[in-house]
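Chains D and A supply the protein sequences, listed in that same order. Under numbering that gives the first Met the number 0, think of the first position of the first sequence as 0, with each following residue one higher. Under numbering that gives the first Met the number 0, think of the first position of the second sequence as 0, with each following residue one higher.
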Amino acid sequence: MPQSVLAVRRLVVAYGDRLAVDGVSFDVQPSEIFGLLGPNGAGKTSTLSAVEGLLRPRSGSVTVGGVDVQRDSGRAKALIGAQLQASSFQPELTIEEIVRLYAGLYGVPLSRRDVLGRIRYIGLGDQAGKRFKSLSGGQQQRLSLLIAVIHRPILLLLDEPTAGLDPQSRRQLWDRIEQLRADGSSIVLTTHSMEEAQSVCSRVAIIDRGRLLALDTPAGLIRQHRDDPRVRQAAYGEITLEDVFIGLTGSAIRD
Amino acid sequence: MTRTTGAHRERTARQFRGLMFSSLLRADFTVLLRSGQTLILNVAVPILYLVITNLHSASRRGGSIYGSPEFAIGLALTVGLMFSALMGYSVAIARDRDMGVFQRLRVTPAPTWAIMASRFVVQLAVGFAMAVIVVVVGGILHSVVYDPVEYLLFALVSVLGGAMFLAIGQAIVGLVSSFAVVNAISRGICIALLLLGLLGSSGILGDAVRSVADWTPVGALINLSVGALNPSAWDWTATSGLIATLGYAIVGVSIGIRWFRWESH
Chain D
0 MPQSVLAVRR
10 LVVAYGDRLA
20 VDGVSFDVQP
30 SEIFGLLGPN
40 GAGKTSTLSA
50 VEGLLRPRSG
60 SVTVGGVDVQ
70 RDSGRAKALI
80 GAQLQASSFQ
90 PELTIEEIVR
100 LYAGLYGVPL
110 SRRDVLGRIR
120 YIGLGDQAGK
130 RFKSLSGGQQ
140 QRLSLLIAVI
150 HRPILLLLDE
160 PTAGLDPQSR
170 RQLWDRIEQL
180 RADGSSIVLT
190 THSMEEAQSV
200 CSRVAIIDRG
210 RLLALDTPAG
220 LIRQHRDDPR
230 VRQAAYGEIT
240 LEDVFIGLTG
250 SAIRD
Chain A
0 MTRTTGAHRE
10 RTARQFRGLM
20 FSSLLRADFT
30 VLLRSGQTLI
40 LNVAVPILYL
50 VITNLHSASR
60 RGGSIYGSPE
70 FAIGLALTVG
80 LMFSALMGYS
90 VAIARDRDMG
100 VFQRLRVTPA
110 PTWAIMASRF
120 VVQLAVGFAM
130 AVIVVVVGGI
140 LHSVVYDPVE
150 YLLFALVSVL
160 GGAMFLAIGQ
170 AIVGLVSSFA
180 VVNAISRGIC
190 IALLLLGLLG
200 SSGILGDAVR
210 SVADWTPVGA
220 LINLSVGALN
230 PSAWDWTATS
240 GLIATLGYAI
250 VGVSIGIRWF
260 RWESH
């Protein structure tokens with residue numbers, strides 16, 4: 000069996016007395032698209048933040064490509080590409096300057112021609128001199144993704160990558176993600192769209208209140224839980240991943 | 000063979016660190032120079048102070064309003080450094096933290112100290128450039144010529160003063176997480192320090208207030224600047240200015256590092 004690209008073991012993340020992640024464990028295999036699903040406040044972003052090395056877990060371990068994220072944060076981060084939900088770039092910088100900055104931060108020496116070539120590749124060639132804020136949502140996502148993979152990471156973390164995108168931009172983004180997977184990157188993503196998760200993810204983990212409730216392929220999860228009364232109650236017709244999700248996490252709205 | 004591999008790895012790591020830090024510096028310089036407010040705070044405001052003090056000096060025919068040309072130049076330097084640190088640096092840090100700029104930078108392999116050090120270095124460099132402009136323009140306006148040692152001492156004072164105000168700005172963003180509150184507090188502190196330091200150090204409000212004002216960041220840096228531009232007359236006031244400036248810098252950095260949070264939420 001090949002070595003896991005990402006190994007999360009008994010991860011516990013706490014903010015003061017509140018446990019955000021409570022003993023979560025999972026592995027992500029090479030060239031896998033792994034979905035992390037859960038209602039708001041379930042612990043998805045906290046899990047990703049621990050993987051990214053942005054916060055120190057109370058206990059447990061995270062290794063990326065065999066490198067411990069806590070012990071060797073710099074090396075681990077060099078193996079990870081991340082597109083974060085609530086992040087931005089310096090508003091004073093142009094697209095070209097942003098790409099150049101992040102290439103440098105990942106240790107990728109790029110000439111101006113290389114930088115412009117990459118910007119052209121994502122269809123923003125005529126926007127290179129513009130500021131990030133002047134781009135549309137879809138363009139911003141394309142740029143964020145370009146920066147996340149500028150150093151060819153083995154693991155790509157995407158926190159709700161399609162949130163707020165129109166169908167065209169969403170489709171384009173999935174094509175790009177699929178291409179990255181085909182090129183050998185493993186992808187971990189969070190999403191609230193169960194349809195997307197069902198159609199693109201190799202495996203999904205459902206977490207709620209910081210705990211891992213289920214982990215399998217979308218088809219496997221549906222098969223395992225199709226006779227669960229909570230799932231049947233949530234279903235309108237043929238059982239879908241969304242029915243399983245609602246059945247396991249409940250239908251109460253989370254803020 | 001092992002030694003060669005080790006040396007190669009070390010060279011690669013050094014090149015990587017160099018590329019990373021130069022990329023940060025270039026970006027931070029670009030951001031700073033592209034901000035019109037920063038240029039105004041850093042250069043225009045100190046020059047304006049020099050011109051105003053020079054006009055008063057001419058109209059009173061007895062030297063500048065608060066005494067010597069050194070006082071006017073020291074005041075201009077202090078005002079420039081304070082405004083750019085408290086209203087430029089701390090507000091920019093709070094804004095970037097609020098927008099998630101730091102979060103984006105922190106997922107890269109760049110160490111957090113480098114992210115912050117780059118901003119400090121850029122601010123100090125711009126403060127240094129401002130000090131050179133201030134002392135040259137001040138010298139011309141007040142018809143004073145300084146010798147190289149005095150220029151050198153003044154340059155050192157500008158770096159020390161810049162570090163002090165940046166440390167105070169860092170302490171503010173360390174203790175306060177909200178961008179709006181940092182903005183309001185920085186402006187409030189700026190005005191309070193300026194009034195206390197300026198009016199107090201001038202002696203207008205009496206000796207008691209003056210002795211208090213001499214120990215404020217503004218008063219301390221003005222006194223230190225006066226001492227640097229006239230080292231032959233260095234006295235306890237200049238020494239106390241040096242002690243206070245170092246003290247504020249150390250305390251501010253300690254608070255700013257200990258309590259700083261990379262996220263505002």
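C-beta atoms are modelled at their ideal positions from N, C-alpha and C, and glycine is treated no differently.
- Against chain D, a Cβ distance below 7 angstroms from Ala26 of chain A picks out Gln89, Leu92, Glu96 and Leu100.
- Contact with chain A is found for Glu51 of chain D, since one of that chain's Cβ atoms lies less than 8 angstroms from the residue's Cβ.
- Where Gln138 of chain D is concerned, the enclosing alpha helix (DSSP H) starts and stops at Gly136 to Ala147.
- Closer than 8 angstroms to the CB of Asp234 of chain A there is not a single CB belonging to chain D.
- About 14 angstroms separates the Cβ atoms of Val217 of chain A and Gly251 of chain A, ruling out a contact at the 8 angstroms cut-off.
- In the three-state scheme derived from DSSP, where H, G and I count as helix and E and B as strand, Thr111 of chain A is classed as helix.
- Among the residues of chain A, those whose CB is under 8 angstroms from the CB of Leu104 of chain D are Met19, Ser22, Leu23, Leu104, Thr107, Pro108 and Ala109, following chain order.
- At a cut-off of 8 angstroms, the C-beta of Ala77 of chain D has a neighbouring C-beta in chain A.
- Going by DSSP, Val252 of chain A is part of the alpha helix (DSSP H) stretching over Trp235 to Trp258.
- Listed along chain D are Glu91, each with a C-beta nearer than 8 angstroms to that of Ser34 of chain A.
- Between Val134 of chain A and Phe153 of chain A, the CB-CB gap stays under 8 angstroms.
- Taking the C-beta atoms as reference points, Arg57 of chain D is found nearer than 8 angstroms to Val12 of chain D.
- Relative to the Cα of Thr44 of chain D, the nearest Cα in the group D:Gly163, D:Val20, D:Arg202 and D:Val61 belongs to D:Val20.
- In the DSSP assignment, Thr190 of chain D falls outside any alpha helix (DSSP H), carrying neither H nor E.
- Short of 6 angstroms from the beta carbon of Ser67 of chain A, and not among the five residues preceding or following it, lies no beta carbon of its own chain.
- Inter-residue distance for Gly34 of chain D and Phe25 of chain D is about 11 angstroms (C-alpha atoms, whole angstroms).
- Just measuring C-alpha positions, the residue of D:Asp227, D:Ser48, D:Val98 and D:Gly80 sitting nearest Ile176 of chain D is D:Gly80.
- Think of a sphere of 7 angstroms around the beta carbon of Ser86 of chain D: the chain A residues whose beta carbon falls inside it are Gly99, Gln102 and Arg103, in chain order.
- Residue-level contact check: Gly64 of chain D does not touch chain A, since none of the beta carbons of chain A fall below 8 angstroms from its beta carbon.
- The C-alpha of Gly5 of chain A lies about 10 angstroms from the C-alpha of Ala12 of chain A.
- For Leu154 of chain D, the uninterrupted beta strand (DSSP E) segment begins and ends at Leu154 to Asp158.
- Between the alpha carbons of Leu247 of chain D and Arg169 of chain D lies a gap of roughly 27 angstroms.
- Closest by C-alpha distance to Ala128 of chain A, out of A:Leu38, A:Leu245 and A:Leu228, is A:Leu38.
- When rounded, the separation of the alpha-carbon atoms in Asp95 of chain A and Gly106 of chain D is 23 angstroms.
- For a cut-off of 8 angstroms, the C-beta gap from Leu92 of chain D to Leu100 of chain D is around 7 angstroms, short enough to register as a contact.
- Interface annotation, Phe178 of chain A: not in contact with chain D, CB-CB separation never under 8 angstroms.
- Ser72 of chain D and Gly103 of chain D do not touch by the CB rule: their CB atoms are close to 18 angstroms apart, not below 8 angstroms.
- Residue contact with chain A for Gly183 of chain D: absent (no Cβ-Cβ distance below 8 angstroms to any residue of chain A).
- With a threshold of 8 angstroms between beta carbons, Val30 of chain A makes contact with chain D.
- Judged by their CB atoms, Asn182 of chain A and Val90 of chain A are nearer to each other than the 8 angstroms cut-off.
- Here the region 170–190 of chain A makes no contact with the region 141–155 of chain A; the two share fewer than three CB pairs at distances below 8 angstroms.
- Around Ser200 of chain A, the same chain offers Ala212, Gly218 and Ile221 as residues with beta carbons nearer than 6 angstroms, after the five sequence neighbours per side are excluded.
- Using a Cβ distance threshold of 8 angstroms, Leu134 of chain D and Leu142 of chain D count as a contacting pair.
- Pairing Val131 of chain A with Gln169 of chain A, the inter-Cα distance amounts to about 25 angstroms.
- In summary, Leu140 of chain A is buried, with 16 or more beta-carbon neighbours lying within 10 Å of its beta-carbon over all protein chains present.
- In the structure shown, Gln82 of chain D adopts extended strand secondary structure according to DSSP, grouped into three states.
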